[in-house]
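Please read the structure below before turning to the comments.
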DNA sequence: GTCTATACGCTGATAGAC
DNA sequence: GTCTATCAGCGTATAGAC
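Protein chains in written order, with the working numbering: chain A, 776 to 986; chain B, 776 to 986.
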């Protein structure tokens with residue numbers, strides 16, 4: 776297996792090396808705790824080139840941001856092109872997010888677990904980006920088709936994806952030891968069938984007006 | 776109404792002024808975009824005193840962090856002392872979180888919407904703090920009592936609170952225009968009764984193993 | 001115990017050689 | 001087009017006066 780030797784230098788383009796290094800550093804230390812010099816060392820690309828190509832640290836973060844959003848959008852697009860119900864599409868997206876959380880942890884961490892507004896104040900929040908809007912649209916179509924219960928778009932969308940996103944956060948924060956892929960089936964059941972136990976207590980539910 | 780005039784200086788203690796100013800600044804600009812000088816100006820407390828009392832910017836952030844966690848813990852404690860089912864307790868906590876998101880936005884934002892690990896790397900993540908563990912325990916007791924469906928603790932807890940937390944995030948990011956308190960009833964129904972529509976499609980649910 | 005003025009280090013950014 | 005050496009500015013932290 777001669778190709779496994781380190782003698783052959785990686786043909787990876789400069790951009791890719793910088794973005795990969797930046798992703799790892801930003802996720803591990805946080806954007807503000809990483810200097811351009813750190814990116815330089817990690818990527819083995821000189822500071823001058825980084826400024827030439829990206830215009831600075833913010834430029835790197837922005838390029839990374841849109842690169843990952845595009846990848847995510849392609850993922851959602853692939854799900855849209857598959858022949859299945861909207862309900863199944865929701866499940867598929869959750870399954871893919873869980874898989875990515877395990878296999879490409881940093882990508883998910885940068886997309887779902889960072890506060891971009893702090894270092895990219897001029898960019899819109901990630902939840903208003905195309906792939907997230909597409910996810911909401913899938914939900915809306917599911918409602919129209921009668922596959923998903925009716926309700927205000929945001930409430931329904933948050934109820935469907937909120938639990939999964941919460942699990943991802945807990946997993947990334949190290950509170951959940953088990954791979955999320957193991958929890959998928961159970962989570963999906965909880966989400967679609969509701970959290971009620973044996974005892975029916977609907978009439979006693981707490982209302983916001985009560986004290 | 777003589778007390779409404781500005782002539783009478785606020786008797787607020789120094790600590791309180793600093794923490795209030797820091798909360799507002801941190802939430803608006805992010806921890807790393809706020810200098811100690813900014814806190815000084817906003818709180819009208821001198822830099823020397825800030826360093827004397829808190830030991831620096833990190834100290835302020837840490838004090839604020841634990842102060843808010845304590846407040847939150849008291850809130851959860853109050854819910855625990857009330858006579859109601861664990862299921863109602865979950866609802867009550869969500870109702871309170873929604874109310875706080877509207878009336879004390881910055882507190883919720885700092886607790887649920889910041890990445891503390893970036894500026895307080897030695898502190899445990901917020902979801903492992905006492906009040907969050909208490910919330911999970913309420914869920915566990917609800918499962919034992921048969922009020923809540925059985926399952927792995929984290930999955931069940933994430934399914935119950937994940938949607939609410941997601942709504943809070945969306946509201947704080949400006950995507951939801953309506954006050955969350957208006958969405959409470961609908962969200963609670965979604966969460967307990969599940970997201971299934973009219974058509975029963977359980978058999979076709981997507982499994983993680985499938986492709 | 002409270003404040004002002006100052007120093008030091010780090011980081012983002014650039015200019016100019018190759 | 002790529003890199004190295006250097007600069008300027010900001011932000012933390014402190015020392016010392018009141």
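Beta carbons are placed, not taken as given, at the ideal position from N, Cα and C, and that holds for glycine.
Assigned secondary structure, residue i (DSSP; H/G/I helix, E/B strand, else coil)
i              : result
residue 989(B) : Since the first and last residues shown for chain B are 776 and 986, residue 989(B) lies out of range.
residue 822(B) : helix
residue 778(A) : With a pLDDT of 42 at residue 778(A), under the threshold of 50, the modelled position of this residue cannot be trusted; read the value that follows with caution. DSSP places residue 778(A) in helix when its eight states are reduced to three.
residue 895(B) : coil
residue 811(A) : helix
residue 827(B) : helix
residue 816(A) : helix
residue 888(B) : coil
residue 904(A) : coil
residue 977(A) : Any reading at residue 977(A) must be qualified, since the residue scores a pLDDT of 45, below 50, and its modelled position is unreliable; the value itself is stated next. Helix.
Residue i: first and last residue of the uninterrupted alpha helix (DSSP H) it sits in
i              : result
residue 792(A) : 789–804
residue 950(B) : Counting along the chain, residue 950(B) falls outside any alpha helix (DSSP H), and DSSP gives it neither H nor E.
residue 865(A) : 861–878
residue 849(B) : 832–856
Cα-Cα separation, residue i to residue j
i               : j              : result
residue 871(B)  : residue 946(B) : 15 Å
residue 848(B)  : residue 955(B) : 22 Å
residue 937(A)  : residue 885(A) : 18 Å
residue 809(A)  : residue 891(A) : 15 Å
residue 971(A)  : residue 868(A) : 25 Å
residue 807(B)  : residue 906(A) : 29 Å
residue 839(B)  : residue 944(B) : 20 Å
residue 790(A)  : residue 814(A) : 12 Å
residue 823(B)  : residue 788(B) : 16 Å
residue 832(B)  : residue 902(B) : 23 Å
residue 923(B)  : residue 963(A) : 16 Å
residue 976(A)  : residue 861(B) : For residue 976(A), the predicted structure reports a pLDDT of 45, less than 50, and the residue's modelled location is therefore unreliable. A value from the coordinates is still provided. Taking the straight line joining both Cα atoms gives about 11 Å.
residue 958(A)  : residue 835(A) : 35 Å
residue 874(B)  : residue 915(B) : 25 Å
residue 879(B)  : residue 799(B) : 11 Å
residue 881(A)  : residue 882(B) : 28 Å
residue 825(A)  : residue 816(A) : 11 Å
residue 898(A)  : residue 929(A) : 21 Å
residue 827(A)  : residue 950(A) : 41 Å
residue 968(B)  : residue 893(A) : 37 Å
residue 850(A)  : residue 933(A) : 20 Å
residue 821(A)  : residue 856(A) : 42 Å
residue 1018(B) : residue 925(A) : In this structure chain B extends from 776 to 986, so residue 1018(B) is not present and cannot be described.
residue 846(B)  : residue 846(A) : 41 Å
residue 1001(A) : residue 940(B) : What the structure shows of chain A is the stretch from 776 to 986, and residue 1001(A) is not part of that stretch, so it cannot be assessed.
residue 919(A)  : residue 792(A) : 45 Å
residue 812(A)  : residue 852(B) : 48 Å
Nearest neighbour of residue i, chosen from the options [CA to CA]
i              : options                        : result
residue 794(A) : 821(A), 842(A), 952(A), 938(A) : 842(A)
residue 961(B) : 866(B), 836(B), 851(B)         : 866(B)
residue 912(B) : 935(B), 813(B), 949(B), 792(B) : 935(B)
residue 802(B) : 953(B), 957(B), 948(B)         : 948(B)
residue 931(B) : 807(B), 966(B), 826(B)         : 966(B)
residue 863(A) : 940(A), 921(A), 952(A)         : 921(A)
residue 895(B) : 837(B), 792(B), 958(B), 820(B) : 837(B)
residue 859(B) : 800(B), 952(B), 917(B), 826(B) : 917(B)
residue 904(A) : 828(A), 825(A), 887(A), 876(A) : 887(A)
residue 952(B) : 927(A), 939(A), 950(A), 958(A) : 927(A)
residue 908(B) : 883(B), 826(B), 844(B)         : 844(B)
residue 819(A) : 880(A), 797(A), 805(A)         : 797(A)
residue 804(A) : 889(A), 940(A), 900(A)         : 889(A)
residue 854(A) : 829(A), 877(A), 910(A)         : 910(A)
residue 942(B) : 876(B), 925(B), 900(B)         : 876(B)
beta-carbon residue i near the ligand SAH non-hydrogen atom, thresh 7 Å
i              : result
residue 793(B) : In the structure shown, the ligand SAH is absent, as is every other ligand, since no ligand is present at all.
#### Entry: 4-residue-minimum alpha helix (DSSP H) runs that sit fully inside the region 914–945 of chain B, ordered along the chain
If one requires a minimum length of 4 residues, no alpha helix (DSSP H) run lies completely within the region 914–945 of chain B.
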